[in-house]
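Asker: When you read off a place in the sequence shown, starting at 1, and then add 6, the result is the number in this note's numbering. Got a structure here, written out as structure tokens. Questions coming.
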Amino acid sequence: MDKMGIHHKLVPIVRCYSEKPFPGKVKALINLQGRKGGKARSPVVEPTKEEKAHMKNCLKNAGLI
Numbered sequence: 007m008d009k010m011g012i013h014h015k016l017v018p019i020v021r022c023y024s025e026k027p028f029p030g031k032v033k034a035l036i037n038l039q040g041r042k043g044g045k046a047r048s049p050v051v052e053p054t055k056e057e058k059a060h061m062k063n064c065l066k067n068a069g070l071i
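Listed below in structure tokens is the structure:
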């Protein structure tokens, strides 16, 4: 796969974690990959179930899970 192909696969992931709540979504993405990202601490909130489902779909589409 060329550089642009990799870029286009990763853009949806960047978009989904750059929205609020930023740190909580990054931790959730790490957890969804089976690594230990931990939980977001107050005042940062965890993403909703719907947001986590969307993030999981983005990771699958990028071939990261």
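Ideal Cβ placement from N, Cα and C applies to all residues, glycine included.
1) Does the separation of the CB atoms of P53 and A34 fall below 8 Å?
2) Quick one: Cα of G43 to Cα of V51, how far?
3) Go to I59, then tell me how far its alpha helix (DSSP H) extends in each direction, as first and last residue.
4) Excluding the 5 residues preceding and the 5 following C64 in the sequence, name in chain order all residues of the same chain whose CB lies nearer than 7 Å to its CB.
5) For K15 versus L38, is the C-beta spacing smaller than 8 Å?
6) Rounded to whole angstroms, what is the Cα-Cα separation between I71 and K26?
Answerer: The short version:
1) Yes, Cβ-Cβ distance for P53 and A34 is below 8 Å.
2) Cα-Cα distance, rounded: 14 Å.
3) For the record, residue 59 in the displayed sequence is Ala; it is not Ile. First-last of the alpha helix (DSSP H) with A59: K55 to N67.
4) Excluding sequence positions up to five before and after C64, its CB lies within less than 7 Å of the CB of P18, I19 and C22, all in the same chain and listed in chain order.
5) With a cutoff of 8 Å on beta-carbon distance, K15 and L38 are scored as not near each other.
6) It is roughly 23 Å from the alpha-carbon of I71 to the alpha-carbon of K26.
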